[in-house]
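**Q** Take this structure, written in structure tokens, and hold onto it; I'll ask about it next.
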Ligand SMILES: [Zn+2]
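Residue numbers (my numbering): -10 to 167.
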């Protein structure tokens, strides 16, 4: 049978250890892959830079047309959501990435560059909405996005969350964005 899971990248306090995805030893681990199972529970594995790039690419391929948000995927196994099983990943079309809120004031990064900040959201099969932030450089260049920043009970609650985001929060979110 198929079970739905969602996958995103998260941060990690850097350390040198065995990559928990490709099992290569002595790697600098500075990111994590987060897998939420629909029946509850979550798995977090610390990953090397190569696995980080691979999983980011996988998430980009799997979904989130336009916005590049966290992908929802189906994993064809009853046991565990095996992220490395690339052939098992298919797009779950439930829930379109949606622009929830665009902040009026730009965000100024430490290097002085200005970014337009938007909150995007996506509905999940259980009716909840996840939210993440996009930082769009006003002078052009690569858009940065955060991993999932929040899960709310519905779209309206996600909008309320978005409108309550403070400038100090954006500074931290910008560091989480890539
Ligand atoms: Zn690895």
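Beta carbons are placed, not taken as given, at the ideal position from N, Cα and C, and that holds for glycine. Only a predicted model underlies this, so the values are computations on that prediction, with no experimental measurement involved.
In this structure, does DSSP put residue 87 in helix, strand or coil?
**A** Three-state result, residue 87: strand.
**Q** Closer than 8 Å: is that where the CB of residue 195 sits relative to any heavy atom of ligand 1?
**A** Since the first residue shown for the chain is -10 and the last is 167, residue 195 is missing from the structure and cannot be characterised.
**Q** Given a cut-off of 9 Å on the beta-carbon distance, is the pair residue 95 and residue 87 in contact?
**A** No, they are not a contact pair.
**Q** Is residue 13 near ligand 1, judged by its Cβ being under 8 Å from some heavy atom?
**A** Correct: residue 13 has its Cβ closer than 8 Å to ligand 1.
**Q** Leaving out five residues before and five after residue 34 in sequence, what residues of the same chain have Cβ atoms less than 7 Å from its Cβ?
**A** 9, 10, 21, 22, listed in sequence order.
**Q** With a cut-off of 8 Å on the beta carbons, I'd call residue 151 and residue 120 a contact; round off their distance for me.
**A** Residue 151 to residue 120, Cβ: 7 Å. Contact.
**Q** Measuring only the C-alpha atoms, how far is residue 110 from residue 144?
**A** About 8 Å.
**Q** Just how far apart, CA to CA, sit residue 102 and residue 165?
**A** Taking the straight line joining both Cα atoms gives about 17 Å.
**Q** I'd like to know whether the C-beta atoms of residue 90 and residue 148 end up nearer to each other than 9 Å.
**A** Yes, they are a contact pair.
**Q** Between the Cα of residue 0 and the Cα atoms of 108, 138, 49, which residue gives the shortest distance?
**A** Residue 138 is the option with its Cα nearest to residue 0.
**Q** Going by DSSP, what residue range makes up the beta strand (DSSP E) through residue 126?
**A** From DSSP, the beta strand (DSSP E) with residue 126 extends over 118 to 126.
**Q** Starting from residue 101, trace the alpha helix (DSSP H) in both directions and tell me its first and last residue.
**A** Looking at the DSSP string, residue 101 is not in any alpha helix (DSSP H), and its letter there is neither H nor E.
**Q** Let me check understanding here. Comparing Cα to Cα, which of 24, 7, 25, 48 lies closest to residue 36?
**A** Ranking the options by Cα distance to residue 36, first place goes to 7.
**Q** Of the residues 13, 129, 123, which one's Cα is nearest the Cα of residue 160?
**A** For residue 160, the nearest C-alpha among the options comes from 123.
**Q** Under 9 Å, do residue 24 and residue 16 count as touching if we go by C-beta distance?
**A** No.
**Q** Which one or two residues does DSSP pair with residue 16 in a beta bridge?
**A** Note: residue 16 sits in a beta bridge opposite 6.
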